[in-house]
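Worksheet: the structure to be examined is printed underneath.
Number of protein chains: 4
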Amino acid sequence: MVDDQPVKTSRRDRQIQRKRREIIEAATRLFSEKGYGGTTTRDIADAVDIGESTLYNYFENKRDILLAIITETGFLFDDVIGQVKRLDNRQALVELYEKAFNVFISRIAFTRTLLAQAWMDNEILESFVTYRLGHIAGLIQALIQKEIDEGVFRPIDPAQGARMAIGMFLGAMVPVLRGTEPPPTPAEYRRISEGIVTVLWDGIGNH
Amino acid sequence: MVDDQPVKTSRRDRQIQRKRREIIEAATRLFSEKGYGGTTTRDIADAVDIGESTLYNYFENKRDILLAIITETGFLFDDVIGQVKRLDNRQALVELYEKAFNVFISRIAFTRTLLAQAWMDNEILESFVTYRLGHIAGLIQALIQKEIDEGVFRPIDPAQGARMAIGMFLGAMVPVLRGTEPPPTPAEYRRISEGIVTVLWDGIGNH
Amino acid sequence: MVDDQPVKTSRRDRQIQRKRREIIEAATRLFSEKGYGGTTTRDIADAVDIGESTLYNYFENKRDILLAIITETGFLFDDVIGQVKRLDNRQALVELYEKAFNVFISRIAFTRTLLAQAWMDNEILESFVTYRLGHIAGLIQALIQKEIDEGVFRPIDPAQGARMAIGMFLGAMVPVLRGTEPPPTPAEYRRISEGIVTVLWDGIGNH
Amino acid sequence: MVDDQPVKTSRRDRQIQRKRREIIEAATRLFSEKGYGGTTTRDIADAVDIGESTLYNYFENKRDILLAIITETGFLFDDVIGQVKRLDNRQALVELYEKAFNVFISRIAFTRTLLAQAWMDNEILESFVTYRLGHIAGLIQALIQKEIDEGVFRPIDPAQGARMAIGMFLGAMVPVLRGTEPPPTPAEYRRISEGIVTVLWDGIGNH
DNA sequence: AATGAATGAGTTTTCATTCAT
DNA sequence: AATGAATGAAAACTCATTCAT
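Protein chains in written order, with the numbering used here: chain A, 1 to 207; chain B, 1 to 207; chain C, 1 to 207; chain D, 1 to 207.
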């Protein structure tokens, strides 16, 4: 009896969390297909097969669903960043690319929604994208600067170099996110990662 | 009187075209600021200082305004593409980048709107972006292939190379389109163009 | 065991009655602050710190809470009326005023809610106000008639006189109920009661 | 042709004003019957036989209708107040009562709505009632003070006297506004006005 | 060609109430 | 008896579009 109490509570809690997840996942999919504005609360409710008003037992309002998607899925991105302790050589960059491909591709619908929203919505851009992207860009710049200092790289503007590095990532991801190309397999994006880093270091030229 | 007729008509036509342009320009700005869905027909009418219903004398409906923006401004992009007769050497690619920067940056609001829309809307993606981007990608791939054939490039996948080339362009453009960085000056994007091409050919490495 | 039964039951009953009272008091306060329509069942439940649905174990529905407030608090007013055995002289009227002030002011929130509701809701007006107010008005009219008969009063319309008597009460109470004036102290409303009766008998004039 | 312009405009303007009036009148009636909260925008639209959304061409939102009722009908009350240049004797007070009865009774639905709303809504109380009622109360207090100074009145608290004067007005009006008594005829409220003032001056007592 | 007025079809959100546990 | 979860019904409000003038 005494032990039942915590079990009961956590079962109920798990029930709630499960439903929240369900809603978030349905909404993520819908937002990525039709956009946030193009998705109605009714669409979401229908997708989870609950009444429209039931949504409001789990979320304050529609925007709250969007923010929940971003915060509750976004932490996956922090893991990637967190794992990058030191980005101090070529191989580390390859691995960063790989991890980034992995997390982007495992959450295509999420990423597509996030980018669409960050494109128009300053709050979302700032509260989610700016910090993380800035952090990554900083790491890459530091790496470039180090290689310059060691005489491995030509003295280029590290900021511009970082934009190139990120741009090449975008060049590979955007068609996938947009759905014009199928998601690469892990083997493929390992190869792409290496390809990008090789070009960054040595270009395509045949030296 | 008889001679007047055509003059009159063409004057009226010019009048109409001028108003259409005005609407298109106002709508482009509004769409780029608030998104297509976030912009009301009332917003557009107010911006041009006409009645809301007057819009419908110039355009079938709201979406038609969006399509008109894309087709009537989009042709500028065709010029860039059209001018690229032969993309057969490094310098030609630098020049392509420069022209592309030029046209993107001179129409930031348009480009921002176009990308936002193409991100969600298949019709717009296909009818406008796919073809042009595919064409450019094809040119770049052909160039890469040629360099490979001539032994200048290592034997990489030309498609992947093209994605890198386009990605580096995105890496420079996206922050500008998104408004997180100021538009570069012509001198700056000349330098950026050269920087990108240099990296493509030789990497950042200090050979 | 056998004796326990009734004790148990009455303890439970008392428990129930206590909770009912709690709900009624919280609801009275909320209704007087935000109006009946402006108060949600959730507001009430929160104020008593119970679940929203638990309310329905004590009351049929929201309106039932309102009716319970009115009947279960309203009986206090009956006491005032009941105590007025004979309203047959000036002093008795002073005392009636005093008692009325006392009961109104000791239940400002209730009175405010009651008046607000009776203003729009015929059922409440009739089932609660009409009878009691009519009774009081009748007593006052009878007093006036008696004074006329005895030659103390001029022959005025007793009904109109009663409306004046009640009106002067309203003139003193309304600003307090509305919250634009602080509630008078017992000493003050004794003075006000005498003042009103004096004006009724002799006017403000300096005879 | 030149003269047509202003005519056209004013005809259209008159059309708009007419519709606004229609809406305001229907809303006033509905609000006085079912309360502001109990009246839906649909009720109002139906009463004027227009689409619900058409309301929003004439008013910003529902509350705006209420405020329009109050400001656009309320000015009638200002006329009454404005006409009271000097409230310096008994007869002037009688006339003030008469005018007040007149305006209250000619707009029963409005007055009932106003009082209901001012009872709960501080903004409306302050922006409309407080000032005007305060002004009237001030005039009455000044009159009482004057009569005290001239030895005509006993030295009572003028504020309390004013509350009695206003209270007696309420005593006569409230049952009419509430609909429990039929509106008095002009002859009747003249008699009531005189009755109230007589009681104020001399009481009901038979001196 | 220009437009004021009208509106249908939604959209998000609220809330009293029910019901299974 | 207590309540979390679910919801139908309605509410205010929006907006692209039509139409008569």
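Glycine is no exception: its CB is placed at the ideal position from the N, C-alpha and C atoms. Being a predicted model, the structure only gives us computed values, none of them experimental.
Selected residue, minimal CA-CA separation from residue i, among the options
i: Phe-153 (chain B); options: A:Gly-37, A:Gln-91, A:Thr-198, A:Tyr-36; result: A:Thr-198
i: Ile-16 (chain B); options: B:Asp-88, B:Asp-157, B:Tyr-58, B:Glu-33; result: B:Tyr-58
i: Ala-100 (chain D); options: D:Thr-130, D:Asp-88, D:Gln-83, D:Glu-60; result: D:Gln-83
i: Ala-159 (chain D); options: D:Glu-150, D:Ile-144, D:Leu-125; result: D:Ile-144
i: Ile-108 (chain D); options: D:Asp-121, D:Arg-86, D:Thr-73; result: D:Thr-73
i: Thr-111 (chain A); options: A:Glu-95, A:Gln-91, A:Phe-77; result: A:Phe-77
i: Asp-64 (chain C); options: C:Gly-138, C:Gly-151, C:Ile-23; result: C:Ile-23
i: Leu-96 (chain A); options: A:Ala-137, A:Gly-151, A:Phe-31, A:Ile-204; result: A:Ala-137
i: Ser-32 (chain C); options: D:Ser-193, D:Arg-20, D:Gly-203, D:Asp-121; result: D:Asp-121
i: Gly-205 (chain B); options: A:Asn-206, A:Asp-202, A:His-207; result: A:Asp-202
i: Val-176 (chain D); options: D:Arg-86, D:Tyr-131, D:Leu-115, D:Met-164; result: D:Leu-115
i: Arg-178 (chain D); options: D:Leu-200, D:Tyr-131, D:Thr-113; result: D:Thr-113
i: Arg-191 (chain C); options: C:Gln-91, C:Glu-123, C:Gly-151; result: C:Gln-91
i: Ile-81 (chain B); options: B:Tyr-131, B:Arg-163, B:Ser-106; result: B:Tyr-131
Short CB-CB distance (under 8 Å) between residue i and chain D
i: Arg-190 (chain C); result: no
i: Asn-57 (chain C); result: no
i: Gly-138 (chain C); result: no
i: Val-94 (chain C); result: no
i: Gly-145 (chain C); result: Correcting the residue identity first, residue 145 (chain C) is Gln in this sequence and not Gly. Cβ-Cβ to chain D under 8 Å: no for Gln-145 (chain C).
CB contact below 8 Å: residue i versus chain C
i: Ile-108 (chain D); result: no
i: Ala-172 (chain D); result: yes
i: Asp-229 (chain D); result: The structure shown does not extend to residue 229 (chain D), since chain D spans only 1 to 207, so no value can be given for it.
i: Val-103 (chain D); result: no
i: His-135 (chain D); result: no
C-beta neighbour in chain A for residue i, strict 8 Å
i: Val-176 (chain B); result: no
i: Ile-69 (chain B); result: no
i: Ala-116 (chain B); result: yes
i: Ile-44 (chain B); result: no
i: Phe-128 (chain B); result: no
Where residue i sits in the DSSP three-state scheme
i: Gly-205 (chain D); result: strand
i: Lys-8 (chain A); result: Reliability of the predicted coordinates at Lys-8 (chain A) is poor, the pLDDT of 46 falling under 50, and the value obtained from them is presented with this limitation in mind. DSSP places Lys-8 (chain A) in helix when its eight states are reduced to three.
i: Phe-153 (chain B); result: strand
i: Leu-93 (chain D); result: helix
i: Phe-59 (chain C); result: coil
i: Leu-87 (chain B); result: coil
i: Tyr-189 (chain D); result: helix
i: Gly-195 (chain C); result: helix
i: Pro-158 (chain C); result: helix
i: Ile-108 (chain D); result: helix
i: Tyr-131 (chain B); result: helix
i: Asp-121 (chain B); result: coil
i: Gly-167 (chain D); result: helix
i: Thr-35 (chain C); result: In the sequence on display, residue 35 (chain C) carries Gly and not Thr. Correct three-state label for Gly-35 (chain C): coil.
i: Arg-50 (chain D); result: Per the sequence shown, residue 50 (chain D) should be read as Ile rather than Arg. Coil, per DSSP.
i: Pro-182 (chain B); result: coil
is_contact[residue i, chain B] using C-beta, thresh 8 Å
i: Leu-87 (chain A); result: no
i: Arg-18 (chain A); result: no
i: Asn-61 (chain A); result: no
i: Phe-77 (chain A); result: no
Buried or exposed (CB count within 10 angstroms, at least 16 for buried), residue i
i: Thr-54 (chain D); result: exposed
i: Gly-134 (chain B); result: exposed
i: Glu-60 (chain C); result: exposed
i: Gly-51 (chain C); result: exposed
i: Thr-40 (chain C); result: exposed
i: Gln-117 (chain A); result: buried
i: Gly-161 (chain A); result: buried
i: Phe-128 (chain D); result: buried
i: Val-7 (chain A); result: Residue placement at Val-7 (chain A) is flagged as unreliable, the pLDDT there being 48, under the threshold of 50; a coordinate-derived value is accordingly withheld.
i: Gln-141 (chain C); result: buried
i: Glu-147 (chain D); result: buried
i: Val-2 (chain B); result: Residue confidence is low: Val-2 (chain B) scores 42 on pLDDT, short of 50, so the model does not pin down where it sits. Its coordinate-derived value is still stated next. Exposed, by the Cβ-count rule.
Does the contact criterion of 3 or more C-beta pairs under 8 Å hold for the region 175-184 of chain B versus the region 185-195 of chain A?
no
Hey, is the region 25-35 of chain C in contact with the region 57-74 of chain C, meaning 3+ C-beta pairs nearer than 8 Å?
yes
Does the region 171-179 of chain C come within contact of the region 95-114 of chain C, defined as at least 3 CB pairs closer than 8 Å?
yes
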